Amino acid sequence: MPMEKYQFMSNVWRDGIFDNKVVFCTGGAGTICSAQVRAMVALGANACIIGRNVEKTENMAKDIATARPGARVLGIGAIDVRKPELLQGAADRCARELGSLDFVIAGAAGNFLATIDQISPNAMKSVIDIDVLGSYNTVKATLPYLKESAGRYRTDGTTLPVNGTGGRIIFVSATLHYTGTPMQSHVSVAKAGVDAMAMSVAIEQGPRGITSNIIAPGPIAETEGMARLSKSDAKSKVAKAVPSGRFGAVKEIADATVYLFSDAGNFVNGETLVVDGGAWHTAGFAGGFEYPDFMLSGESVTGVKGGKKSKL
Ligand code: HXC
């Protein structure tokens, strides 16, 4: 659905700062990533969003394109980030059709709530594969393009930037592993790996002008993540535990993205930008499942999206 600008980004950014640039985003049909891309597109970029579901990805691409007259947004569906060859094909197509690939958002992720004894080896592997290997495959497929862009738009931070920025990657992570979070061992392990990867990219590719940073969203309202991680009748209790007293909005993640990709973020590299209203400081996220009572009960998780399907 087309959105008013104030709904997906703050009114502090200048139009055209991403003119003639291209952003490539995995998980781009999701609520958070689509807002990140929409903000970039509104500010001048063209985009490729990547997803597993063809219809959802193509429809979201059309929708994001409404953010700016003349915007080009490709929705490339049927791409599982666990398949390096598919991701490489998507990155090559993006650069070929849109002319370059200047910014990358590694946003595809998998999640559900379950204690470690309720997680099968395949379930653990699935999340690690999507989050860690998916991010790696994204880096691998896009790095040659990012190097090119970083070389083209290199800045020393003091001269007037004429053509803007490029050669930047953001990994969308989480805060779950900072404290340890019940029923999130799989994602905590995976996101710790993603964070480590982002740092390695910063250190190794920084000398080429690339920046690699992490955005760690907290509880963001109306997202797939919240639907999967929190019972709907527990929302006010969960929100109360956030120091800012509320859930975040997707525009707040989009703003963080624009900051890191823009001229304002030139010297920020290998950093984690936590956007969570202070939530992780007040400890683990339990989504309305009483701690430790629920863990001790041995019950399966119900009442959230993405609950385990019975094989009967
Ligand atoms: C236990 C579960 C489960 C559940 C699936 N599985 N759901 N186990 N509890 N609720 C198990 C399956 O039984 C199977 O194991 C294995 O996981 C793989 O599941 P499949 O559905 O076969 O495969 P796949 O398509 O790979 O699914 C991956 C997935 C799924 C991660 C399990 O949830 C998914 O595709 N999610 C994508 C969307 C998503 O999660 N978005 C939210 C991101 S939010 P067996 O042994 O039976 O074969 C996010 C926020 C972070 O990341 C933090 C914010 C605060």
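Going from the sequence shown to the working numbering is simple: count from 1 and add 257.
We put the beta carbon where it would ideally sit given N, CA and C, even for glycine.
The model shown is predicted, which means the values in this text are computed figures rather than measured ones.
When you compare each of the options to residue i by their alpha carbons, which one comes out closest?
i: I471; options: V298, V531 and K494; result: V531
i: D550; options: F360, T372 and N268; result: T372
i: F275; options: E556, Y548, S557 and V515; result: V515
i: A449; options: T399, T529 and A380; result: T529
i: Q616; options: R465, G367 and G423; result: Residue coverage of the chain in this structure runs from 258 to 569, which leaves residue 616 outside it and unanswerable.
i: N316; options: P341, G287 and F524; result: G287
i: D337; options: G391, T323 and G356; result: G391
i: A491; options: G414, G544 and G327; result: G544
i: T314; options: P326, A347 and P341; result: A347
i: S489; options: V419, Q345 and G560; result: G560
i: A380; options: E342, N277 and V446; result: V446
i: A498; options: K382, L517 and G534; result: G534
i: W270; options: K319, L517 and Y435; result: L517
Roughly how many whole angstroms lie between the Cα atoms of residue i and residue j?
i: L417; j: S519; result: 13 Å
i: C485; j: A292; result: For the sequence presented, residue 485 should be read as Arg rather than Cys. In a straight line, the C-alpha of R485 is about 19 Å away from that of A292.
i: T438; j: T432; result: 9 Å
i: T539; j: A496; result: 11 Å
i: R339; j: T395; result: 9 Å
i: I460; j: A407; result: 15 Å
i: R350; j: I362; result: 16 Å
i: Y393; j: F546; result: 33 Å
i: L403; j: D512; result: 21 Å
i: I426; j: D359; result: 9 Å
i: R409; j: K562; result: 44 Å
i: A302; j: G555; result: 49 Å
i: D521; j: P259; result: The amino acid at residue 521 is misidentified as Asp; the sequence shows Ala. Taking the straight line joining both Cα atoms gives about 28 Å.
i: W213; j: M266; result: What the structure shows of the chain is the stretch from 258 to 569, and residue 213 is not part of that stretch, so it cannot be assessed.
i: T422; j: E354; result: 20 Å
i: M483; j: H443; result: 17 Å
i: K568; j: F369; result: 17 Å
i: T468; j: I510; result: 18 Å
i: K565; j: V558; result: 8 Å
i: F428; j: A455; result: 7 Å
i: Q264; j: A322; result: 15 Å
i: Q462; j: N526; result: 10 Å
i: R553; j: P500; result: The residue you asked about is not Arg; residue 553 is Leu in the sequence shown. Roughly 28 Å between the two C-alpha positions.
i: P378; j: A365; result: 21 Å
i: D413; j: K397; result: 26 Å
i: G273; j: H434; result: 37 Å
Could you tell me which residues DSSP puts in a beta bridge with residue i?
i: T468; result: R425
i: F360; result: V280 and R425
i: N570; result: Look at the range of the chain in this structure, 258 to 569, and you will see that residue 570 is not part of it.
i: I333; result: I307
i: P474; result: V532
For residue i, which residues in the same chain have their Cβ closer than 6 Å to its Cβ, ignoring the five residues on either side in sequence?
i: D386; result: R339
i: N430; result: The question names Asn, but residue 430 is Ser in the sequence shown. K448, V451, D452, I471 and A473.
Got a sec? Which residues, its chain only, sit under 7 Å from residue i by beta carbon, not counting five neighbours each side?
i: A324; result: R295, V298 and A299
i: V311; result: G334 and A335
Does the pairing of the segment 495 to 509 with the segment 473 to 483 give three or more beta-carbon distances under 8 Å? The segment 495 to 509 makes contact with the segment 473 to 483; the number of CB pairs closer than 8 Å reaches 3 or more.
Stretch pair the segment 296 to 305 + the segment 365 to 384: three plus CB contacts closer than 8 Å: In this structure the segment 296 to 305 does not lie against the segment 365 to 384, because fewer than three pairs of beta carbons, one per stretch, are closer than 8 Å.
Can we say the segment 325 to 333 touches the segment 301 to 315, given the rule of at least three CB pairs closer than 8 Å? Because the criterion of three Cβ pairs below 8 Å is met, the segment 325 to 333 and the segment 301 to 315 touch.
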